[in-house]
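One structure below.
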Amino acid sequence: MSAFVLPKPITATIAGAAYPTRATFDVVNPATGEVFATAPDASAADVDAAVRAAHDAFAAWRSDPAARRAALHAAADALDAARDEIAPILTAEQGKPLTESAREVAIAAAYLRYYADMQLERQVIRDDAQALVEIAHRPLGAVAIITPWNFPLIIGTAKIAPALSAGNTVVLKPSPFTPLSSLKLGEVLRGVLPPGVLNVLSGGNEAGAAMTEHPLIRKISFTGSTATGKAIAAAAAADLKRTTLELGGNDAAIVLDDADPATVAAGIFPRAFSNTGQVCVAPKRVYVPESLRAPVVEAFAALARNARVGDGADPATQYGPLNNRPQRDRVASLVRDAVSRGATIAAGGSEIAGNGYFYQPTILTDISDGTPIVDEEQFGPALPIIGYRDVEDALTRANATHFGLGGSVWSGDPERATAVAERMEAGMTWVNTHTATSFDQPFAGIKWSGIGVENGRWALEGFTEMHVIHRAR
Ligand code: NAD
Numbered sequence: 001m002s003a004f005v006l007p008k009p010i011t012a013t014i015a016g017a018a019y020p021t022r023a024t025f026d027v028v029n030p031a032t033g034e035v036f037a038t039a040p041d042a043s044a045a046d047v048d049a050a051v052r053a054a055h056d057a058f059a060a061w062r063s064d065p066a067a068r069r070a071a072l073h074a075a076a077d078a079l080d081a082a083r084d085e086i087a088p089i090l091t092a093e094q095g096k097p098l099t100e101s102a103r104e105v106a107i108a109a110a111y112l113r114y115y116a117d118m119q120l121e122r123q124v125i126r127d128d129a130q131a132l133v134e135i136a137h138r139p140l141g142a143v144a145i146i147t148p149w150n151f152p153l154i155i156g157t158a159k160i161a162p163a164l165s166a167g168n169t170v171v172l173k174p175s176p177f178t179p180l181s182s183l184k185l186g187e188v189l190r191g192v193l194p195p196g197v198l199n200v201l202s203g204g205n206e207a208g209a210a211m212t213e214h215p216l217i218r219k220i221s222f223t224g225s226t227a228t229g230k231a232i233a234a235a236a237a238a239d240l241k242r243t244t245l246e247l248g249g250n251d252a253a254i255v256l257d258d259a260d261p262a263t264v265a266a267g268i269f270p271r272a273f274s275n276t277g278q279v280c281v282a283p284k285r286v287y288v289p290e291s292l293r294a295p296v297v298e299a300f301a302a303l304a305r306n307a308r309v310g311d312g313a314d315p316a317t318q319y320g321p322l323n324n325r326p327q328r329d330r331v332a333s334l335v336r337d338a339v340s341r342g343a344t345i346a347a348g349g350s351e352i353a354g355n356g357y358f359y360q361p362t363i364l365t366d367i368s369d370g371t372p373i374v375d376e377e378q379f380g381p382a383l384p385i386i387g388y389r390d391v392e393d394a395l396t397r398a399n400a401t402h403f404g405l406g407g408s409v410w411s412g413d414p415e416r417a418t419a420v421a422e423r424m425e426a427g428m429t430w431v432n433t434h435t436a437t438s439f440d441q442p443f444a445g446i447k448w449s450g451i452g453v454e455n456g457r458w459a460l461e462g463f464t465e466m467h468v469i470h471r472a473r
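Note that the UniProt record's numbering numbers the sequence shown so that position 136 is 136, with each residue one more than the last.
Right, here's the structure in full:
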């Protein structure tokens, strides 16, 4: 299999045209550990140019809903048509299997289509002898969208689509680990969307900070780590910019004592290891009754041993590398630390030799809360399976965290499981599944997992501000 080569450099898009930056940075293929491309390294002046382009495009874009609808449908079609071109770029920069990259492009196009026709109608809340009172939702202006490296296109378009549909204009900055697929999105949509409506640039964390501090940015929609989310909330506070923050998670899956070990493992494993564990809302710790722990651990370990790990460009691959070296090293160090505290490795447990950032799918047990791999977000292919005494004990431990993204309960008795799921402190709880979501299902974390909601009309509302018109009679 020959290494992926980018046919030509991908440029930033500002005001509908290619925008050359003075500096560039290297992009590494995580399956090989080798630089395969460069990306524009936006300076504060480049960020300023992008924000001004978005600001200048706002008045025309907000004023014509029919034109927005048509442009968003055209954007969805253009993205679909570019799927075979974008998918290999996403695999080369991110590591995920090519089929998943193609699926990600298709979902991104579907997000644009889903929001193209959605509108927030004016609402009459009072109509009597004294007054006519109406509520309208108005766009905010130029918004900053900042994304992480696990699902650059899905997360990007989950924000871009409602932002644009509501009448805002956008500056998008993807993670410096995965800049190319988003830059390509910008290229593909040049000429499809009016100039300045969607500006895409890449750069490091300083470029992100320049966006969040820019006086013409009215809202920041961010997905990434809790630490960065807090820094962005602080930057936004100075100007009272609106924020949506989708942050980290440490989802618990609680297995009840009537569950079948093989069924539970078959249900949780692919969701925990999908995208090599780099999913905000993946199950990251599994609580099982002590009586079931041995068969559950063995069922998970068998799946881990059989998982096909490799270069995402290889059609046989199920699980690619970690996206970057620091993340692979972090997972390796969390596992080493757990073992030093007495954890047992039931499968995996080490890096895979070579230059890529591969790590064996790993199942740990004889481990408990108070261990970093249980208490923190590992964001990688290493899953602790923890024994519990009774359901109260499991719930207490599942909830004893600053995170509050998702959680799940697994049982042959869905009613009993639902009663437990309702007591989990998380924005989303599932019964006999996990991570399941859709365009029209709200996606929202509580506590340190986030502020605001994505998907459905909630996301559209999040890109607007309410306007009340009260007419005296
Ligand atoms: P990160 O916070 O390191 O970076 C995310 C983005 O923020 C990048 O584009 C980065 O350049 C930018 N950034 C960094 N510092 C900034 C600053 N001070 N101001 C503005 N922008 C800045 O996150 P990551 O490591 O790329 O992503 C992994 C994290 O994302 C995990 O914690 C994961 O759980 C979380 N995540 C959450 C969701 C969700 O919806 N809740 C979805 C996916 C990932």
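Glycine included, each C-beta is placed from N, C-alpha and C at the ideal position.
As the structure is a computational prediction, the values presented were derived from the model and not from experiment.
Same chain, Cβ closer than 6 Å to Ala50, neighbours up to 5 away in sequence not counted = Position 50 of the sequence shown, counted from the first residue, corresponds to residue 50. Closer than 6 Å at Cβ, skipping near neighbours: Ile14, Val171, Asn199, Leu201.
Between which two residues does the alpha helix (DSSP H) carrying Phe300 extend?
-> Residue mapping note: residue 300 aligns to position 300 of the sequence shown, counting from 1. Note, Phe300: alpha helix (DSSP H), 290–306.
What is the rounded straight-line gap between the Cα of Asp127 and the Cα of Val133?
-> Numbered from 1 along the sequence shown, position 127 holds the residue referred to as residue 127. Numbered from 1 along the sequence shown, position 133 holds the residue referred to as residue 133. Rounded to whole angstroms, Asp127 to Val133 spans 6 Å at the Cα level.
Taking the C-alpha atoms as reference points, what is the distance between Gly407 and Lys447?
-> As a working mapping, residue 407 is identified with position 407 in the sequence shown. As a working mapping, residue 447 is identified with position 447 in the sequence shown. Rounded to whole angstroms, Gly407 to Lys447 spans 14 Å at the Cα level.
Assumed close pair Leu405, Ala426 - CB separation to whole angstroms, cut-off 8 Å = The residue given as residue 405 occupies position 405 in the sequence shown. The residue given as residue 426 occupies position 426 in the sequence shown. Sure, about 6 Å apart at Cβ, within 8 Å.
Taking the DSSP output, what are the residues bridged to Gln123?
-> Counted from its first residue, the sequence shown places residue 123 at position 123. For Gln123, which the question treats as bridged, DSSP gives the partners Ile135.
Which of helix, strand or coil DSSP assigns to Val171 | On the sequence shown, residue 171 is found 171 positions in, with the first residue counted as 1. Three-state result, Val171: strand.
What separation, rounded to the nearest whole angstrom, lies between the Cα atoms of Val409 and Ala417?
-> Translated into positions along the sequence shown, residue 409 becomes position 409. Translated into positions along the sequence shown, residue 417 becomes position 417. Approximately 6 Å, taken between the alpha carbons.
Would you kindly work out how many angstroms separate the C-alpha atoms of Gly141 and Arg218, rounded to a whole number?
-> Residue 141 sits at position 141 when you count from the first residue of the sequence shown. Residue 218 sits at position 218 when you count from the first residue of the sequence shown. Rounded to the nearest angstrom, the two C-alpha atoms are 6 Å apart.
So what's Arg103 in DSSP terms, helix, strand or just coil?
-> Numbered from its first residue, the sequence shown carries residue 103 at position 103. Three-state result, Arg103: helix.
Under three-state DSSP, which class holds Pro40?
-> Residue 40 sits at position 40 when you count from the first residue of the sequence shown. Three-state result, Pro40: strand.
Return yes when the Cβ of Asp337 is within less than 8 Å of the Cβ of Ile373, no when it is not.
-> Stepping through the sequence shown from its first residue, residue 373 is reached at position 373. Stepping through the sequence shown from its first residue, residue 337 is reached at position 337. Yes, they are a contact pair.
Could you check the C-alpha separation between Glu422 and Gly320 for me, to the nearest Å?
-> Position 422 of the sequence shown, counted from the start, is the residue given in the question as residue 422. Position 320 of the sequence shown, counted from the start, is the residue given in the question as residue 320. Glu422 and Gly320: Cα-Cα distance of roughly 34 Å.
Quick one: Cα of Asn306 to Cα of Arg271, how far?
-> Indexing the sequence shown from 1 puts residue 306 at position 306. Indexing the sequence shown from 1 puts residue 271 at position 271. Taking the straight line from one Cα to the other gives about 16 Å.
Helix, strand or coil for Glu351 per DSSP?
-> In the sequence shown, the residue the question calls residue 351 occupies position 351. Reduced to three states, the DSSP call for Glu351 is strand.
What does DSSP give as the partner residues of Phe25 in its beta bridges?
-> On the sequence shown, position 25 is the one that residue 25 refers to. Ala39, per the DSSP bridge assignment.
Under 7 Å from any heavy atom of the ligand NAD, does the C-beta of Glu134 make it?
-> Residue 134 sits at position 134 when you count from the first residue of the sequence shown. It does not: the Cβ of Glu134 is nowhere closer than 7 Å to a heavy atom of the ligand NAD.
With Arg341 as the anchor, note down where its alpha helix (DSSP H) starts and where it stops.
-> Taking the sequence shown and counting its residues from 1, the one referred to as residue 341 is at position 341. Here Arg341 belongs to no alpha helix (DSSP H), and DSSP marks it neither H nor E.
Does DSSP put Met211 in a helix, in a strand, or in coil?
-> Indexing the sequence shown from 1 puts residue 211 at position 211. DSSP places Met211 in helix when its eight states are reduced to three.
Span of the alpha helix (DSSP H) holding Glu187?
-> Here residue 187 refers to the residue found at position 187 of the sequence shown. Per DSSP, Glu187 belongs to the alpha helix (DSSP H) from 180–189.
Thr414, buried or exposed, once every other Cβ within 10 Å from all chains shown has been counted against 16 | Taking the first residue of the sequence shown as position 1, residue 414 is located at position 414. It is worth fixing the name first, because residue 414 is Pro in this sequence and not Thr. Its Cβ having fewer than 16 others within 10 Å, Pro414 is exposed.
So, are the CB atoms of Leu460 and Ala75 less than 8 Å apart?
-> The residue you call residue 460 lines up with position 460 of the sequence shown. The residue you call residue 75 lines up with position 75 of the sequence shown. No. Outside cutoff.
Residues near Ala304 by beta carbon distance below 6 Å, same chain, minus five either side = As a first step, residue 304 is located in the sequence shown; it is residue number 304 there, counting from the start. Result list for Ala304: Ala347, Gly348, Pro361, Ile363, in chain order.
Where does Ile10 sit, in a helix, a strand or coil, going by DSSP?
-> Within the sequence shown, the letter at position 10 stands for residue 10. DSSP places Ile10 in coil when its eight states are reduced to three.
Residues bridged to Leu383 [DSSP beta-bridge criterion] | Stepping through the sequence shown from its first residue, residue 383 is reached at position 383. Ile363, per the DSSP bridge assignment.
In terms of residue numbering, what span does the beta strand (DSSP E) encompassing Ala436 cover?
-> Counting from 1 along the sequence shown, the entry for residue 436 is found at position 436. Premise fails: Ala436 is in no beta strand (DSSP E) and is neither H nor E.
Using the Cα positions of Pro65 and Asn250, report the straight-line distance between them to the nearest angstrom.
-> In the sequence shown, residue 65 corresponds to position 65, counting from 1. In the sequence shown, residue 250 corresponds to position 250, counting from 1. Distance between the alpha carbons of Pro65 and Asn250 is about 40 Å.
What residue range is occupied by the uninterrupted alpha helix (DSSP H) comprising Leu164?
-> If you number the sequence shown from 1, residue 164 lands on position 164. Counting along the chain, the alpha helix (DSSP H) containing Leu164 begins and ends at 152–165.
State whether the segment 258–277 contacts the segment 289–302, with contact taken as three or more CB pairs (one from each stretch) at a distance under 8 Å.
-> yes
State the DSSP-derived secondary structure class of Pro88, mapped to helix, strand or coil.
-> Within the sequence shown, numbered from 1, the residue matching residue 88 stands at position 88. Here Pro88 sits in helix by DSSP.
Can you give the beta carbon distance from Ser181 to Ile254, rounded, assuming they're within the 8 Å contact cut?
-> As a working mapping, residue 181 is identified with position 181 in the sequence shown. As a working mapping, residue 254 is identified with position 254 in the sequence shown. Not quite, the Cβ-Cβ distance comes to about 36 Å (not below 8 Å), so this is no contact.
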